[in-house]
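Residue numbers (my numbering): 306 to 447. Backbone N, C-alpha and C fix where the C-beta goes; we use that ideal spot for every residue, glycine too.
Now the structure itself:
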């Protein structure tokens with residue numbers, strides 16, 4: 306669906322429900338379905354936890370995809386309120402800590418952000434500068 310259609314969908318939402326929170330607005334403008342919007346942050350956290358499971362099994366064949374899951378979580382967290390994040394904070398921190406324990410820091414960024422206009426920053430996007438301790442990834446980054 307073209308961006309114009311998403312903007313129309315947002316206008317329809319506002320007419321029915323009033324101004325949405327930033328996360329809901331982001332979801333609408335990205336073309337998510339109503340069911341996906343209702344799920345909120347949960348699927349992103351589940352996907353990050355699942356990615357960590359596979360990294361832990363030494364399956365580095367899809368490591369760039371695993372990092373994309375964390376980048377997706379980062380993107381939605383940027384639009385979420387503290388109240389929306391709070392029920393998930395402990396799970397996110399636990400998953401991030403598990404990831405750190407299974408990886409080591411490298412000099413260059415291994416992955417990408419969803420927003421291509423955003424500059425990758427080592428401190429803010431720390432997961433992009435880590436690779437698994439065990440297993441192999443498709444390219445070397447040290």
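Outcome for residue i when other beta-carbon atoms lying within 10 angstroms are tallied against a minimum of 16
i, result
"residue 368", "buried"
"residue 327", "exposed"
"residue 413", "exposed"
"residue 319", "exposed"
"residue 363", "exposed"
Three-state class that DSSP yields for residue i in the structure shown
i, result
"residue 435", "strand"
"residue 415", "coil"
"residue 323", "coil"
"residue 425", "coil"
"residue 334", "helix"
"residue 315", "helix"
Spatially closest choice to residue i from the options, by CA coordinates
i, options, result
"residue 310", "396, 333, 407 and 382", "333"
"residue 421", "370, 399, 380 and 411", "380"
"residue 408", "359, 392 and 426", "359"
"residue 431", "363, 419 and 405", "405"
"residue 399", "428, 348 and 357", "357"
"residue 355", "378, 419, 439 and 337", "378"
"residue 336", "376, 314, 352 and 428", "314"
Continuous beta strand (DSSP E) stretch holding residue i: start and end
i, result
"residue 513", "Residue 513 lies beyond the residue range present for the chain, which begins at 306 and ends at 447; the question has no answer from this structure."
Residue span of the alpha helix (DSSP H) that contains residue i, given as start and end
i, result
"residue 377", "368-384"
"residue 388", "387-390"
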